[in-house]
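The structure appears right after this line, and notes come after that.
Residue numbers (our numbering): 1455 to 1610.
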């Protein structure tokens, strides 16, 4: 895998800002014994690395080896084109998020931060519930927009 299992576990803990293997097990949604077993086998499952990378934005290769860019964004930025020679260009999703963020008031930004934190560290059931609720809200907003558009077309 490129690194000692204990070193990999230490990087996973560091990435998630955790102190214990028990806390890591909770975040990985596994039994604590699974971590101990993986260390004794000398093999850390790739799925753990990808899950932590997904949750934290860390680079999977850094989690695996301790070498290279620490953050996934650094890897993406290394291959992104530059604009006017000023540096890196964030991908389209990041640009959209920044544009939306700048239009929000302080209360809305706080709510969005809370949602992001829940998605980052919440257990699977909580994340799925939040995502489901967001989809319902999106559908309600779309229905309201269509209704307003119909009303506008009808009025002279």
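For glycine and all other residues, C-beta sits at the position ideal for the given N, C-alpha and C. Nothing here was measured: the structure is a model prediction, and the numbers come from that model.
For residue 1490, the closest of 1462, 1510, 1583, 1468 by C-alpha to C-alpha distance is 1462.
Residue 1482 counts as buried, since no fewer than 16 other beta carbons sit within 10 angstroms of its beta carbon. Per DSSP, residue 1558 is not a residue of any alpha helix (DSSP H), being assigned neither H nor E. Here the alpha carbon of residue 1573 sits roughly 10 Å from the alpha carbon of residue 1510. C-alpha of residue 1579 to C-alpha of residue 1586: approximately 10 Å in a straight line. Annotation: the continuous alpha helix (DSSP H) that includes residue 1459 extends over 1459-1470. Ranking 1593, 1519, 1525 by CA distance to the CA of residue 1513 puts 1525 first.
The shortest CA-to-CA distance from residue 1478 to any of 1494, 1505, 1516 is the one to 1505. Closest in alpha carbon position to residue 1458, among 1567, 1521, 1485, is 1521. Boundaries of the alpha helix (DSSP H) around residue 1601: 1578-1608.
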